[in-house]
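Note sheet for the following structure.
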Amino acid sequence: MPTRPTRAVDSAVPLLLDRRDAWMEVTLNRPERLNALDATLHGELAAALDMAAADDCRAVLITGAGRGFCAGQDLAARAFGDQPPDLGASLEAHYNPLIRRIRALRKPVICAVNGVAAGAGASIALACDIVLAARSAKFIQSFARIGLVPDSGGTFFLPRLIGDARARALMLLAEPLPAETAAEWGLIWKVVDDAALMDTARTMAAHLATQPTQGLALMKDAFDASPGNSLDDQLDLERDLQRAAGRTPDYREGVSAFMEKRPARFTGQPA
394 MPTRPTRAVD SAVPLLLDRR DAWMEVTLNR PERLNALDAT LHGELAAALD MAAADDCRAV
454 LITGAGRGFC AGQDLAARAF GDQPPDLGAS LEAHYNPLIR RIRALRKPVI CAVNGVAAGA
514 GASIALACDI VLAARSAKFI QSFARIGLVP DSGGTFFLPR LIGDARARAL MLLAEPLPAE
574 TAAEWGLIWK VVDDAALMDT ARTMAAHLAT QPTQGLALMK DAFDASPGNS LDDQLDLERD
634 LQRAAGRTPD YREGVSAFME KRPARFTGQP A
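My numbering puts the first residue of the sequence shown at 394, with every later residue one more than the last.
Here's what the structure looks like:
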């Protein structure tokens, strides 16, 4: 598949965007800092996600350059003065909006974890819809090592994905979790060999970009609501979402393709 990079690969550029035929690849590009987040990278990543939300791309792939996915906050960018820093303000300004942007995207978001995903870096990965990890990758809830509380949705995602007992131990002990164990526990979707990670992730993104985008977005709505709903509430929500899905052109196309025994040609257009 031909690529149309919006930027040349340059280690001085904190974020790389590569717009494919119908999807976008977003690469955190501070490899010398294990793609740790500072204010500049936060701003670029927010702009990229806003672009993905606004244009006609139908899937997003997020990954990291170099040997790590994301080491979380760049501690070298923290300034200590006479007064303790207000880390809550940093979460409110940067991290919380970032997680909300990822979760709010009306299209599938894939994360290819190519190395260590630590602290908020792990939370960014877990905020995505599908997480693939290289066999050498590790997930680390590193907050206890510096006296902080897991953030960026970590205390939300981990207990729901792997249960309270495992989540508590990972956070309190701050021990690295190998990618293969993460997959066995249900924290992520799949582990692949390091050399195959990006080809696998790109093939998946290209596939999802051909699927019924509106139906997938409604599916995400159902997943997001499920943890807080009773069965009755979820049944009602499924009814409403199915009503909306049934009005999309892709539903009509899907049925036609099934009846005609041919591949469906979904457009992702709204009703």
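The C-beta atom is built at its ideal place from N, Cα and C for all residues, glycine as well.
Do the CB positions of residue i and residue j come within less than 8 Å of each other?
| i | j | result |
| --- | --- | --- |
| Ala-572 | Ala-637 | no |
| Ala-510 | Ala-518 | yes |
| Phe-462 | Asn-428 | yes |
| Leu-344 | Thr-593 | The question about residue 344 has no answer, for the chain in this structure spans 394 to 664. |
| Thr-603 | Phe-659 | yes |
| Ala-458 | Pro-424 | yes |
| Leu-430 | Ala-505 | no |
| Arg-496 | Asp-617 | yes |
| Leu-438 | Asn-422 | no |
| Arg-471 | Gly-508 | no |
| Leu-498 | Leu-442 | yes |
| Val-502 | Asp-522 | yes |
| Leu-630 | Ala-615 | yes |
| Gln-595 | Trp-578 | Here residue 595 is Arg; the residue named in the question, Gln, does not match the sequence. In this structure, Trp-578 does not lie closer than 8 Å to Arg-595 by Cβ. |
| Ile-492 | Gly-546 | yes |
I believe residue i touches residue j by the beta-carbon criterion, under 8 Å. Please report the beta-carbon distance rounded to the nearest angstrom.
| i | j | result |
| --- | --- | --- |
| Ala-513 | Gln-466 | 6 Å |
| Ala-576 | Lys-583 | 6 Å |
| Thr-606 | Lys-531 | 33 Å between Cβ atoms; not a contact. |
| Val-542 | Phe-536 | 6 Å |
| Arg-538 | Ala-567 | 5 Å |
| Ser-529 | Asp-587 | 5 Å |
| Leu-634 | Leu-611 | 4 Å |
Residue range of the beta strand (DSSP E) that residue i falls in?
| i | result |
| --- | --- |
| Glu-418 | 417 to 421 |
| Asp-411 | 408 to 412 |
| Leu-624 | Where Leu-624 is concerned, there is no enclosing beta strand (DSSP E), although the alpha helix (DSSP H) it sits in stretches over 624 to 638. |
| Thr-456 | 453 to 457 |
| Phe-532 | 531 to 533 |
| Ala-527 | 523 to 527 |
| Ala-666 | Limits of the chain in this structure are 394 at one end and 664 at the other, which puts residue 666 out of reach. |
| Phe-473 | Here Phe-473 belongs to no beta strand (DSSP E), and DSSP marks it neither H nor E. |
| Gly-461 | 461 to 463 |
Which stretch, first to last residue, makes up the alpha helix (DSSP H) that contains residue i?
| i | result |
| --- | --- |
| Ala-511 | No alpha helix (DSSP H) contains Ala-511, which is instead part of the beta strand (DSSP E) from 509 to 511. |
| Ile-492 | 489 to 497 |
| Val-648 | 642 to 653 |
| Ala-673 | Past the edges of the chain, shown from 394 to 664, lies residue 673, and the structure says nothing about it. |
| Gly-481 | 480 to 483 |
| Gly-540 | Premise fails: Gly-540 is in no alpha helix (DSSP H) and is neither H nor E. |
| Gly-661 | Segment: none, Gly-661 is in no alpha helix (DSSP H) and carries neither H nor E. |
| Leu-590 | 590 to 601 |
| Asp-443 | 432 to 447 |
Buried or exposed: residue i, going by 16 or more other Cβ atoms within 10 Å of its Cβ?
| i | result |
| --- | --- |
| Lys-654 | exposed |
| Val-419 | buried |
| Ala-432 | exposed |
| Gln-534 | buried |
| Ser-623 | exposed |
| Gly-570 | This sequence places Leu at residue 570; Gly is not what is there. Its Cβ being crowded by 16 or more others within 10 Å, Leu-570 is buried. |
| His-435 | buried |
| Asp-544 | buried |
| Arg-561 | exposed |
| Val-648 | exposed |
| Leu-468 | exposed |
| Arg-426 | buried |
| Leu-565 | exposed |
| Asp-479 | exposed |
| Arg-632 | exposed |
| Ala-598 | buried |
| Leu-628 | exposed |
| Gly-556 | exposed |
| Gly-661 | buried |
| Ala-664 | exposed |
Is there at least one non-hydrogen atom of the ligand FAD closer than 7 Å to the beta-carbon of residue i?
| i | result |
| --- | --- |
| Ala-452 | Among the components modelled here there is no ligand, and therefore nothing to report on the ligand FAD. |
Return no unless some Cβ of chain B is closer than 8 Å to the Cβ of residue i.
| i | result |
| --- | --- |
| Leu-570 | Protein chain content of the structure displayed is limited to a single chain, and chain B is not contained in it. |
message: Does the contact criterion of 3 or more C-beta pairs under 8 Å hold for the stretch 409 to 419 versus the stretch 444 to 457?
response: yes
- request: Please determine if the stretch 640 to 647 and the stretch 482 to 490 are in contact, where contact requires at least 3 C-beta pairs separated by less than 8 Å.
  value: No, because fewer than three Cβ pairs between the stretch 640 to 647 and the stretch 482 to 490 fall closer than 8 Å, the two stretches do not touch.
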